[in-house]
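Notes for the one structure printed next.
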RNA sequence: GCGAUCGUAGCUCAGUUGGUUAGAGCGCCGGUUUGUGGUACCGGAGGUCGGGGGUUCGAGACCCCUCGAUCGCCCCA
């Protein structure tokens, strides 16, 4: 062997097989199915976008934009960014393709995202999300529909009992700005008791202080102004209609007045489905309304709502039952038998029977292989059987063995 | 970006205050069984102890650097 240092996988990336892959696929498949039921169209959007797509929409001062994006100049000198989230790219697609004509549009997507963060459990540099957006709908029903859909998804993948829907409103721009100002004033007055991190947040993202895990901050937040006192009548009404519809639909939720979202574009409804089973990475699905985003990208004022969920995080909570082994494993012995086995194997598979072949080693090895794969039947073909036009079929669960005409094997396997 | 813990065989781990040829279980390969799996018994292969440097007569163990993982902060899905 050449003395070459094998390159490692890039930090924060992972290779997913076996049970983890099963769980991952289960989440994606459930999402695809459910999004069809809810009338969403799947979209594919690029993994790379012009950097400005994200810089303008997420907010220049957010952590995602200011220090977590994979940004580089391509060979033509354009600034390109690997998408750190879906919403901005989908909004860009909405504008550049003239999809306004289809509004309101219900779109869903899934795929890899990239953020340059310190990896830990449930947090990776290449990670994957499922994503659902409704663009061009200002009605509270759009918010509700997305939440009902999220709730159904979590139920269907079987993790709803460990996850709680936290709901809040950030109000319209007017409410949000007034509240934000009141918060700044309040925290300015108490800046001596703020933690170092929160002092930092005071300039960049004061709403986030409400999310602080520092005990001193938490205490301070109890008496901080809450959004309810700053909501306009319209904003109040909007939120009331969302919560009422959720109750109508039987979706459980709790009000969390300290829930704010990290990205600048959120207005009105903000929500997170939170679990305590993933340590620091408790948010499993999150989103809200982003009425201002499309304008930030140079489009006409367009209301929109959406959410995204981390596939890895969901997959870690999911319990996928071990899938069955093949219905049959062929065990040919000798060259003639091999040819016969290829014919049988093709025949089985064309009849939608899960089948495989053990073609290495001696008889014992091949039987072991069939056993390890958890096959129901082993179909043994040697020269003796071949001469009689038969195969020996052994039931690996009961241990019983019978012979079967080769042209009857498909029927035989189907019946057992 | 900050703090803590960790990194020994394919996997999970043991390795005493630094002391000869670094161990176990599982897995893998072979045999008991040259056409019959799961069980059992016997044998075997497999390690530059994450990487680099240093201290020492001697380093898997101690020190420094580096890479990676995990946990927390931060951030977020």
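Residue numbers (the numbering used here): 10 to 425. Even glycine gets a Cβ: it sits at the ideal position worked out from N, Cα and C.
The closest CA to that of residue 160, considering only 310, 23, 364, 282, is found on 282. Sequence-distant Cβ neighbours of residue 221 in its own chain, meaning closer than 6 Å and more than five residues away, are 207.
In this model, residue 201 and residue 217 are separated by some 17 Å (Cα to Cα).
Residue 366 carries a strand assignment under DSSP once its states are collapsed to helix, strand and coil. For residue 89 and residue 233, the gap between their C-alpha atoms comes out near 41 Å. Annotation: residue 211 to residue 383 spans about 59 Å, alpha carbon to alpha carbon. For residue 316, the enclosing beta strand (DSSP E) stretches over residues 313-319. Annotation for residue 77: no alpha helix (DSSP H) segment contains it, and DSSP assigns it neither H nor E.
Collapsing the DSSP output to three states places residue 169 in a helix. For residue 282, the beta-bridge partners assigned by DSSP are 174, 294.
For the pair residue 339 and residue 364, the CB atoms are nearer than the 8 Å cut-off. In terms of CA proximity to residue 135, 322 leads the group 158, 322, 263. A buried status is given to residue 138, since no fewer than 16 other beta-carbon atoms sit within 10 Å of its beta-carbon. Cβ neighbours of residue 271 within its own chain (closer than 8 Å, five residues either side excluded): 71, 72, 73, 214, 217.
Judged by their CB atoms, residue 153 and residue 302 are not nearer to each other than the 8 Å cut-off.
Three or more Cβ pairs closer than 8 Å define a contact, and the stretch 345-365 falls short of that threshold against the stretch 35-45.
In the structure shown, the three-state DSSP call for residue 92 is coil. In this model, residue 418 and residue 143 are separated by some 51 Å (Cα to Cα).
Segment contact: the stretch 228-246 against the stretch 191-205, three or more CB-CB distances shorter than 8 Å; contact assigned. Exposed is the label assigned to residue 310, since fewer than 16 other Cβ atoms lie within 10 Å of its Cβ. Beta-bridge partners of residue 136 (DSSP): 122.
In this structure, the CA atom of residue 421 is about 20 Å from the CA atom of residue 380. Taken in chain order, the unbroken stretches of alpha helix (DSSP H) that lie wholly in the stretch 229-278 and span 4 residues or more are 242-258. If you ignore the 5 residues before and after residue 335, its C-beta comes within less than 7 Å of the C-beta of 363, 364, 365, 382, 384, all in its own chain and listed in chain order. Per DSSP, reduced to three states, the secondary structure at residue 401 is strand.
Scanning the stretch 323-376 from its first residue to its last, the whole alpha helix (DSSP H) runs of 4-plus residues come out as 344-359.
Going by DSSP, residue 109 is part of no alpha helix (DSSP H) at all; its letter is neither H nor E. Listed in chain order, the beta strand (DSSP E) elements of length 3 or more contained wholly in the stretch 33-69 are 57-59.
The three-state reading of DSSP puts residue 385 in coil, since its state is none of H, G, I, E or B.
When DSSP reads this structure, residue 82 sits in a beta bridge with 88. Put simply, of 228, 390, 308, 325 the residue whose alpha carbon is nearest the alpha carbon of residue 108 is 308.
For residue 114, the pairing in a beta bridge is given by DSSP as 144. A contact is defined here as three or more CB-CB pairs under 8 Å, and the stretch 248-263 meets this definition with respect to the stretch 159-178. With respect to the 8 Å criterion, residue 291 and residue 278 are not classified as neighbours on the basis of their beta carbons. Look at residue 222 here: in three-state DSSP terms it is coil, with no helix or strand label. Beta-bridge annotation (DSSP): residue 411 is paired with 402.
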